[in-house]
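Numbering (the UniProt record's numbering) for the sequence shown: 1 to 837.
For glycine and all other residues, C-beta sits at the position ideal for the given N, C-alpha and C.
Structure record follows, encoded as structure tokens.
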Amino acid sequence: RSDPPTTSSSTNWTPAAYSLIGRPDLAEMEKIGRDHDIDEQSSSNNHNKLTHKSISGNEPVGTSAAEILDVDKDGVVPLEHTSSMLFPDDNRIREAGRLLRSSRPSYLRVFRAVEVTDHDYERLKQEKLLLLCRRVLALPLGRGMLTLGNLQPVPAEPMPMPDICLAGRVIPTNGKLALDVSNCASDMTMWPEFHNGVAAGLRLPLAGRGDASGLGQITRTWIVYNRPAPVTPPPANNNSTNTPPPAPVQNQSHGGFLLALGLRGHLSSLAMTDIYEYLTKGSVTTTVGILLGTAAAKRGTCDPAVSKMLCLHIPSLLPASFAALEVAAPAQAAAVTGIGLLYQGSSHRLMTEFLLNEMGKKPCNDQSTQDREGYTLSCGFALGLVNLTQGAKNATDNDGGCAGLADLHIEERLLRYVVGGVDDSESRRRRDAADMAGGAAGMNGGDNERSSRIFEGDTINTDVTAPGATLALALMFLQTGNKTVASRLALPDTHFLLDYVRPDLLLFRVLARSMILWNEVDPSSEWIEDQIPLFLRTSFMQMGRRAEKMAGFAGLSVFASLSMDLSQDRSFAAHGTTDGDGAVNEEGQVTSETLESKDMDFDRQAVRQAHAHIVAGACFGMGLRYAGTGDPKAAAAISERVVEFSKLRDDNDPISLALKPERPIVDMCLACSAIALGMVMAGTGDIETLRLFKSIRWKCDSSVRYGTHMAFGTAIGLLFLGGGTCTLGRSPEDIASLLISFFPRFPTDESDNQYHLQALRHCYALAVKRRDLVAIDVDTREELYLPIQMRPNEEASDYQQFTAPCLLLNITDASQILRVVSDRYYPVTLQLKAPTC
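This is the structure we're talking about:
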């Protein structure tokens with residue numbers, strides 16, 4: 001009884017034999033293990049299959065509303081109860097819920113001076129409330145990560161959908177103050193409502209993961225049942241009989257709910273007739289949710305029906321007779337990304353050639369210039385997904401998956417999109433199209449298809465093509481270690497060459513190199529420093545040393561000349577006049593020229609910007625490399641950079657002013673580094689990391705943009721992914737999903753989709769793996785604390801001590817050996833399967 005053959009051995013017994021000797025725990029595990037093997041055989045196409053069971057086999061999939069009253073309908077309150085055993089020592093899970101909750105009023109503190117009138121005081125409260133509401137609108141993305149998979153739906157009840165509260169409570173009276181939206185943009189809540197719908201839908205379990213009391217597979221009836229009825233606003237009070245009736249108010253959150261269904265694998269329950277009705281009668285957000293959700297549910301299948309649906313929303317794939325069909329820019333970007341998800345890893349020639357041509361396509365009409373950067377980036381993502389990891393490992397390797405695409409010269413054309421030049425293929429394609437049209441009709445058609453806003457000629461606009469092309473190369477050669485391609489993405493090595501590369505493009509190059517040279521990423525601060533070119537590192541250190549030197553005697557007025565300016569370097573305009581040598585001005589004061597020596601004759605602002613972007617790119621690359629591992633060295637290295645960026649943002653001492661780039665750049669780099677740290681520590685709920693995130697998110701003034709709030713909420717949500725029950729996968733498909741979701745270019749306001757489609761921020765759900773280990777008493781069916789020992793693999797000799805419930809991090813790709821060491825329970829040894837991707 002104390003040492004029978006376990007379920008991990010090759011000579012394990014039947015459940016009846018275990019029950020005979022009084023070991024019902026092993027009997028139930030053996031029974032569930034056999035059922036699990038049958039489920040795996042019947043659903044082998046499930047990309048997000050769990051890799052192991054809990055000790056009793058009864059995995060808790062969530063808490064119903066009947067057990068815990070969830071007044072806010074956002075799942076935060078039930079999460080505090082279900083995750084309390086994972087974090088028993090403090091209230092960190094409750095604090096995370098408070099930071100990410102958007103369904104309750106924000107506390108409003110506005111200082112009132114004696115001379116301020118009542119009217120001005122109300123205006124000040126509205127201004128402060130608007131800033132707080134901007135942060136509230138950015139929180140649903142992080143809340144979706146926090147409450148991921150913690151709801152078991154009831155077939156007869158609708159999906160709980162929380163509200164976004166745009167109100168505040170004034171301290172100390174605690175009176176409720178609603179936001180005056182009359183001066184706000186009409187679409188201010190459009191995309192936040194979409195994110196709110198996604199966050200609510202992501203609470204559902206994965207397809208096939210429900211229990212007997214709920215829905216294992218969401219049915220078509222339940223999805224249609226949750227479709228909201230159109231709301232028609234009341235007519236205006238006027239006596240005119242010719243006034244048209246008001247248009248119905250669109251429910252933007254339902255589009256996000258549909259996207260969440262696709263990400264969780266449930267949207268395949270809908271018939272094509274239902275999808276057609278959604279596409280024809282829904283809003284833009286509904287179209288985006290359907291396109292992305294359907295593609296995610298059919299990821300890697302090359303389904304022809306879904307492919308036709310996606311192609312209908314890409315004007316470049318439509319026949320000439322459909323040229324007048326207008327498709328919204330977000331829908332086009334969603335359709336292109338959906339093509340990449342649908343044909344993921346297939347190296348489909350037609351789609352590869354189309355996406356490659358689409359990246360370098362010139363604007364043919366005025367509508368094609370809207371959100372053009374985001375569309376081109378989506379083309380780059382899709383091209384990388386279609387040919388994911390199919391690049392050759394070295395220059396002489398011809399066994400890559402792209403061997404049949406050699407005549408397309410993908411690498412050469414993508415590198416041309418990165419560095420610029422003349423695009424001969426685009427010119428040839430346009431000439432062929434004109435020749436096919438032929439005659440006068442062709443000439444007239446060519447005149448009609450010219451953009452009146454942009455003329456680029458035959459040269460490549462790298463400002464548009466470089467981000468997508470760089471990341472497409474990174475995905476194609478992901479984890480291949482191809483040093484030839486990585487060397488083509490090398491950073492400039494002189495100040496002269498630095499002037500020819502936009503600073504933010506350096507971030508993408510560093511990120512791409514770290515993804516290609518996967519095994520060379522070292523979790524240390526030294527590796528981050530090594531990514532900075534020597535000349536740039538030396539120049540940055542010179543600026544810092546000069547600032548330290550002058551801080552002793554020159555005063556703050558001297559360092560104003562070293563600080564950044566949005567339009568020009570203040571070092572050339574800090575003082576009125578100089579003499580011929582540029583030493584002193586007419587008043588005899590020390591000028592900025594006295595700070596410059598022969599070895600500091602360079603563009604200091606370019607050095608500041610390049611240094612910040614390179615460090616942020618290195619942090620992001622390290623975050624992808626060690627995502628879901630909880631590696632302490634990687635976390636320490638990234639945390640150090642987060643603290644540095646935070647000091648650059650908040651401090652105004654002379655040294656910070658000398659090294660600080662523009663405020664938007666600092667915010668973007670800080671947000672990028674914070675997300676990288678969140679990826680490394682995903683699901684761990686580390687208290688020190690939470691304190692760091694709280695310290696960088698406290699600022700809520702007019703200088704903090706909507707995207708910055710979104711990034712900080714994302715970092716906190718990653719830290720408590722699934723309430724501490726989930727972590728991030730590390731397969732190529734998972735890394736691609738994380739790259740698409742956490743692309744380091746954040747929106748400036750709530751409706752900004754210019755550089756990155758906001759709906760893509762939820763693709764992280766495709767990379768989430770549930771890895772919690774729960775011990776349940778076989779007699780009482782209650783969770784309990786159980787000391788366990790774990791060995792990373794069979795070759796390792798040392799066991800690590802844990803206490804269940806706990807989170808199994810992705811520290812190894814091999815099977816893990818687990819054994820129970822407790823005086824109250826029989827010893828059990830288990831072999832957990834290696835994490836499948």
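Length of the line joining the Cα atoms of T465 and S737
For the purposes of this step, residue 465 is taken as residue 465 along the sequence shown, with counting starting at 1. For the purposes of this step, residue 737 is taken as residue 737 along the sequence shown, with counting starting at 1. Going by the C-alpha atoms only, they are around 20 angstroms apart.
Under the DSSP definition of a beta bridge, which residues are partnered with P787?
Sequence index remark: in the sequence shown, residue 787 carries index 787 (1-based). Per DSSP, T803.
Alpha-carbon to alpha-carbon, V768 and A27
Here residue 27 refers to the residue found at position 27 when the sequence shown is read from its first residue. Here residue 768 refers to the residue found at position 768 when the sequence shown is read from its first residue. A27 and V768: Cα-Cα distance of roughly 30 angstroms.
Measure the alpha-carbon distance for R112 versus D120 and round it to whole angstroms.
Numbered from 1 along the sequence shown, position 112 holds the residue referred to as residue 112. Numbered from 1 along the sequence shown, position 120 holds the residue referred to as residue 120. Taking the Cα positions, R112 is about 9 angstroms away from D120.
Report the rounded CA-to-CA distance for C763 versus S425, giving the unit in angstroms.
By 1-based counting over the sequence shown, the position of residue 763 is 763. By 1-based counting over the sequence shown, the position of residue 425 is 425. Distance between the alpha carbons of C763 and S425 is about 32 angstroms.
Quick one: any contact between the segment 170-189 and the segment 273-291, if contact means 3 or more CB pairs under 8 angstroms?
no
Could you tell me the boundaries of the beta strand (DSSP E) in which Y18 lies?
Position 18 of the sequence shown, counting from 1, holds the residue named residue 18. Looking at the DSSP string, Y18 is not in any beta strand (DSSP E); the run it does join, the alpha helix (DSSP H), is 15-20.
Which residue marks the beginning of the alpha helix (DSSP H) containing V224, and which one marks its end?
Residue mapping note: residue 224 aligns to position 224 of the sequence shown, counting from 1. Counting along the chain, the alpha helix (DSSP H) containing V224 begins and ends at 220-225.
Mind pulling the alpha helix (DSSP H) runs of 4 or more residues that sit fully within the segment 98-138?
118-137
Please tell me whether A296 has its Cβ less than 8 angstroms away from any Cβ of chain C.
Here there is only one protein chain, and chain C is not present.
Is the segment 609-623 close to the segment 664-676, with three or more CB pairs under 8 angstroms?
yes
By how many angstroms is the C-alpha of D686 removed from the C-alpha of L719?
Along the sequence shown, one-based indexing puts residue 719 at 719. Along the sequence shown, one-based indexing puts residue 686 at 686. If I take the Cα positions, the gap works out to 7 angstroms.
Which residues does DSSP list as the beta-bridge partners of I817?
One-based indexing of the sequence shown puts residue 817 at position 817. DSSP, once it has assigned bridges, lists R791, Q831 as partnering I817.
Would you say the segment 709-725 touches the segment 740-752, given that touching needs at least three Cβ pairs under 8 angstroms?
yes
Is M29 buried or exposed, if buried means 16 or more other CB atoms sit within 10 Å of its CB?
Translated into the one-based positions of the sequence shown, residue 29 becomes position 29. Buried, by the Cβ-count rule.
Could you check the C-alpha separation between I516 and D823 for me, to the nearest Å?
Translated into the one-based positions of the sequence shown, residue 516 becomes position 516. Translated into the one-based positions of the sequence shown, residue 823 becomes position 823. Looking at the two C-alpha atoms, the distance is approximately 49 angstroms.
Whether or not the segment 685-700 and the segment 636-655 are in contact is what I'm after, with contact meaning three or more pairs of Cβ atoms, one per stretch, closer than 8 angstroms; do they touch?
yes
State the beta-bridge partners of K769 as determined by DSSP.
By 1-based counting over the sequence shown, the position of residue 769 is 769. Paired residues: T727.
Return the bridge partner residues of G168 from the DSSP annotation.
By 1-based counting over the sequence shown, the position of residue 168 is 168. G168 is bridged to S106, L177.
Rounded to whole angstroms, what is the Cα-Cα separation between residue 842 and W222?
Outside the shown range of the chain, which is 1 to 837, sits residue 842, and nothing can be said about it.
Among residues of its own chain, excluding the 5 on either side of P4, which ones have a beta-carbon nearer than 6 angstroms to its beta-carbon?
Taking the first residue of the sequence shown as position 1, residue 4 is located at position 4. Cβ neighbours of P4 beyond the five flanking positions: none.
Return the residue from the list L312, A320, T337, G338 that minimises the CA-CA distance to V327.
Walking along the sequence shown from the start, residue 327 turns up at place 327. The option with the nearest alpha carbon to V327 is L312.
beta-carbon L659 near the ligand PLP non-hydrogen atom, thresh 7 angstroms
As presented, the structure is devoid of all ligands, the ligand PLP included, so that no description of it is given.
In the DSSP assignment, the alpha helix (DSSP H) including C184 goes from what residue to what residue?
As a working note, residue 184 is residue 184 in the sequence shown. No alpha helix (DSSP H) holds C184; DSSP gives it neither H nor E.
L202 and L148: beta carbons closer than 8 angstroms?
Here residue 202 refers to the residue found at position 202 when the sequence shown is read from its first residue. Here residue 148 refers to the residue found at position 148 when the sequence shown is read from its first residue. Their beta carbons are under 8 angstroms apart, which means L202 touches L148 by this criterion.
In this structure, does DSSP put S269 in helix, strand or coil?
Counting from one through the sequence shown, the residue named residue 269 turns up at place 269. Of the three classes helix, strand and coil, the one that applies to S269 here is helix, per DSSP.
Three-state secondary structure assigned by DSSP to V778:
The count along the sequence shown starts at 1 and reaches residue 778 at position 778. In this structure, V778 counts as coil in the three-state DSSP scheme.
Do P533 and F508 have their C-beta atoms within less than 8 angstroms of each other?
Position 533 of the sequence shown holds residue 533. Position 508 of the sequence shown holds residue 508. Their beta carbons are not under 8 angstroms apart, which means P533 does not touch F508 by this criterion.
Proximity below 8 angstroms, CB of G142 to CB of V198
Position 142 of the sequence shown, counted from the first residue, corresponds to residue 142. Position 198 of the sequence shown, counted from the first residue, corresponds to residue 198. Going by C-beta atoms, G142 is not nearer than 8 angstroms to V198.
Tell me where the alpha helix (DSSP H) around I339 begins and ends.
Numbered from 1 along the sequence shown, position 339 holds the residue referred to as residue 339. It spans 329-342 - the alpha helix (DSSP H) in which I339 sits, taken as one unbroken run.
Given A156 as reference, the closest of R349, Y225, Q126 once Cα atoms are compared
Your numbering for residue 156 matches position 156 in the sequence shown. Taking A156 as reference, the option from R349, Y225, Q126 with the minimal CA-CA separation is Y225.
C-beta atoms of G293 and L267 nearer than 8 angstroms:
Here residue 293 refers to the residue found at position 293 of the sequence shown. Here residue 267 refers to the residue found at position 267 of the sequence shown. Yes, the pair counts as a contact, with Cβ atoms nearer than the cut-off.
Are the segment 676-691 and the segment 163-178 touching, with three or more C-beta to C-beta distances below 8 angstroms?
no
Select from G723, A392, E353, E783 the residue whose C-alpha is nearest the C-alpha of A382.
For the purposes of this step, residue 382 is identified with residue 382 of the sequence shown, where counting begins at 1. It is E353.
Can you give me the Cβ contacts of M668 inside the same chain, cut-off strictly under 6 angstroms, excluding the 5 residues immediately before and after it?
The sequence position of residue 668 within the sequence shown is 668, counting from 1. Counting only Cβ-Cβ distances below 6 angstroms, and skipping sequence neighbours, we find nothing.
Beta-carbon separation (whole angstroms), I218 vs L261, contact threshold 8 angstroms:
One-based indexing of the sequence shown puts residue 218 at position 218. One-based indexing of the sequence shown puts residue 261 at position 261. About 7 angstroms separates the two Cβ atoms, so the contact holds.
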